[in-house]
Structures are given as C-alpha cells and as structure tokens.
Amino acid sequence: MQTSDMDYLTVALPKGKLFSLSAELFAKIGYTAEGLSDQSRKLIITNEEKKIRFIVSKTADVPTYVEYGAADIGVIGKDVLMESGKDVYELLDLGFGKCHLMMAVHKPERRPKLTDYAHTRVATKFPHIAEQFFNEHGMQMEYIKLNGSIELGPIVGLSESIVDIVETGTTLRENNLEEIAYIMDATARLIANRVSFKLKFDRIHAMVEDLRQILESEAKA
Ligand SMILES: Nc1ncnc2c1ncn2[C@@H]1O[C@H](COP(=O)(O)OP(=O)(O)OP(=O)(O)O)[C@@H](O)[C@H]1O
Ligand SMILES: O=P(O)(O)OC[C@H]1O[C@H](OP(=O)(O)OP(=O)(O)O)[C@H](O)[C@@H]1O
1 MQTSDMDYLT VALPKGKLFS LSAELFAKIG YTAEGLSDQS RKLIITNEEK
51 KIRFIVSKTA DVPTYVEYGA ADIGVIGKDV LMESGKDVYE LLDLGFGKCH
101 LMMAVHKPER RPKLTDYAHT RVATKFPHIA EQFFNEHGMQ MEYIKLNGSI
151 ELGPIVGLSE SIVDIVETGT TLRENNLEEI AYIMDATARL IANRVSFKLK
201 FDRIHAMVED LRQILESEAK A
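Residue 101 in full-length UniProt numbering sits at position 101 of the sequence shown, with consecutive numbering throughout.
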C-alpha cells in the first residue's frame, strides 16, 4: 500500500452532490485551495502553504483512494461506503447529504408485503447492501446492477423492484413508484486511511476536532 506523501495531507473529495458541501466545510476550518470549485477540471489542487492536497474523484472511487493510501482522508456517503466494503476508519458524521436507502415497487393496487417479492429481480446501484437486507429477511433475490436512473427498472420491466436512495421522494412520485421497505439512513462521512491515521495522527486529530466544533456550532445555530 501507498501512504500519501508525509509532508502533505491528501483529501479525496467526491464529484457530484457532496462536492460543494465538502469544499465549503473544509474552507470553514481554513482548508482552502485556489481553484477548488465545481467548474474546475483540475483533479489535484494543492495548497502549498498549508500542505494540503485535494484530489477530486468519481464518488464511488473515494473509498478506494483512501483504502490504498493514495488519499489520507476522504468524504463519502455512508451508502457508498457500506457498499464498497472498504477497510477504512470512519471518523465523523458530517451531517449533510442526508437521504435514506429503501426498496420501492411500481405502484401496486393493494398494499404489498415485502415477502410478496421473494425470488424477483431488484435493480440497484447497491447490490451488496440490498443482498444483506434481503438475506436478513430470508429472501433470495436476483440483483441487477445499474449505475443510475434506477427508477427505470420496474417501469420498463427490467426488474420488479429497486433498492435506491430517496431524499425528497420526488423521483419516486414522478415515476409512480412506492417505497415499501426502509433499509438505512445515510449522510456524508469523513473517512481515513488506517496507516495515515497513525502516521499523521496529530494533524488528522486536529482537523477532526476543528470540523467537529464547526458542526456542533452549526447544529446549535
Ligand atoms: N437525492 C440524492 N440523490 C443521491 N444521493 C444523495 C441524495 N441526497 C444525498 N445523497 C448522497 O450523496 C451521495 C453522492 O450522490 P451523487 O448523486 O453525487 O453520486 P453519484 O451519482 O454516485 O456520483 P457521480 O456523480 O460521481 O456518478 C450519495 O451517495 C448519497 O450519500
Ligand atoms: O428523492 P429524490 O430527492 O427525488 O432523490 C432521489 C434520486 O436522486 C438520486 O439520483 P441521482 O440524482 O444521483 O441520479 P442517478 O439516477 O444518476 O443516480 C437517486 O438515485 C434517486 O433517483
């Protein structure tokens, strides 16, 4: 394994929904870098003075960069972290990116039971989480991995149900789907490489404490 350069703290930020919120949070503790914005195409942005390096990665790849030590620290949704199964420390619940994972089906005529769907097909970005959930309910399923627009699955007959994220519920409503089982809540988490956490303990610990203070003061406001 590689541990990111000892002089620098390397932070992996996910593209997409969590990017701006993560960058804003780091900026509040003084972790800024010129050119760190949604619009930039730069993949590595360094603040030489503070010895911080941000790497901007595809969301699902953040746990991989952190597990291998290419990044010391990362921000990632709990959903993606659980699905990845990567061996990293989870240091802090950052609170934003709130959503939940659930199972939904095409709007049924009568209230269905979860077990009505045993042995059917589930479309999902989260096959590991889905399998764990259905196993806990003693249900054997067929998992169809999709990478986006999961709600299409039942509409076009690819699957009988989906396991996906819900935030406002708009996507379910607009596609005539109904949640029939709650699986888990998710928020953004701060994660760390296990070796970096030991080798760069003072720096990471100080950063976590600064972030914790910001989050606590925002929660009180
Ligand atoms: N409405 C939402 N839809 C999707 N994810 C949400 C939502 N609200 C919060 N999140 C959180 O934001 C994380 C990132 O979502 P995003 O849609 O940016 O990921 P992605 O589409 O997998 O990434 P990428 O844009 O790199 O393909 C999710 O893993 C989840 O934890
Ligand atoms: O409850 P809502 O507020 O409607 O949000 C939920 C939707 O957001 C996510 O999709 P995303 O925007 O990440 O696009 P994707 O389908 O490409 O994953 C998720 O997969 C749902 O489709």
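Yeah, the Cβ is synthetic: ideal placement off N, Cα and C, and Gly gets one too.
As the structure is a prediction and not an experimental result, all values here were calculated from the model.
Beta-carbon proximity of residue i to residue j, cut-off 8 Å
| i | j | result |
| --- | --- | --- |
| Asp5 | Asn193 | no |
| Val80 | Leu190 | no |
| Ala104 | Ser161 | yes |
| Thr59 | Gly16 | yes |
| Val88 | Ala12 | no |
| Leu21 | His106 | no |
| Met102 | Glu151 | no |
| Glu142 | Arg110 | no |
| Phe134 | Glu83 | no |
| Val62 | Leu43 | no |
Rounded straight-line distance, which links the Cα of residue j to that of residue i
| i | j | result |
| --- | --- | --- |
| Ser217 | Ile144 | 43 Å |
| Gly77 | Glu209 | 20 Å |
| His128 | Gly148 | 16 Å |
| Tyr8 | Ile52 | 5 Å |
| Gln213 | Lys98 | 20 Å |
| Asp93 | Phe201 | 19 Å |
| Tyr182 | Ala70 | 35 Å |
| Thr10 | Ala188 | 18 Å |
| Asn175 | Ile155 | 8 Å |
| Ala123 | Leu215 | 35 Å |
| Asp38 | Pro14 | 11 Å |
| Glu131 | Tyr117 | 13 Å |
| Glu90 | Pro112 | 37 Å |
| Glu48 | Lys198 | 23 Å |
| Ser159 | Leu146 | 11 Å |
Supposed close pair residue i, residue j - CB separation, criterion 8 Å
| i | j | result |
| --- | --- | --- |
| Phe19 | Ala33 | That pair is no contact at about 13 Å. |
| His100 | Val163 | Not really, about 11 Å apart at Cβ, beyond 8 Å. |
| Lys86 | Thr64 | 7 Å |
| Leu36 | Leu211 | Actually they are not in contact, since the Cβ atoms of Leu36 and Leu211 sit about 17 Å apart, beyond 8 Å. |
N- and C-terminal bounds of the alpha helix (DSSP H) containing residue i
| i | result |
| --- | --- |
| His100 | Where His100 is concerned, there is no enclosing alpha helix (DSSP H), although the beta strand (DSSP E) it sits in stretches over Cys99 to His106. |
| Phe197 | Arg194 to Leu199 |
| Thr165 | According to the sequence displayed, residue 165 carries Ile and not Thr. Taken as a continuous stretch (DSSP letters only), Ile165 belongs to no alpha helix (DSSP H), being part of the beta strand (DSSP E) at Ser161 to Val166. |
| Met82 | Lys78 to Ser84 |
| Glu109 | Careful: Glu109 lies outside any alpha helix (DSSP H) and carries neither H nor E. |
| Arg173 | Thr170 to Glu174 |
| Asn147 | No alpha helix (DSSP H) holds Asn147; DSSP gives it neither H nor E. |
| Leu48 | Sequence check: residue 48 is Glu here, not Leu. From DSSP, Glu48 is part of no alpha helix (DSSP H); its letter is neither H nor E. |
Delimiting residues of the beta strand (DSSP E) encompassing residue i
| i | result |
| --- | --- |
| Lys15 | Element bounds for Lys15: n/a, residue is neither H nor E. |
| Phe54 | Ile52 to Ser57 |
| Thr64 | That residue, Thr64, is in no beta strand (DSSP E); its alpha helix (DSSP H) goes Val62 to Glu67. |
| Ala123 | Arg121 to Thr124 |
Residue-chain proximity (residue i, chain D), Cβ-Cβ < 8 Å
| i | result |
| --- | --- |
| Glu136 | As a matter of chain content, chain D is missing from the structure shown, which is built from one protein chain. |
Counting by C-beta, which residues lie closer than 6 Å to a heavy atom of ligand 2, in chain order? Qualifying residues, in the order they occur: Gly148, Ser149, Ile150, Glu151, Asp164, Ile165, Val166, Glu167, Thr168, Gly169, Thr170 and Thr171.
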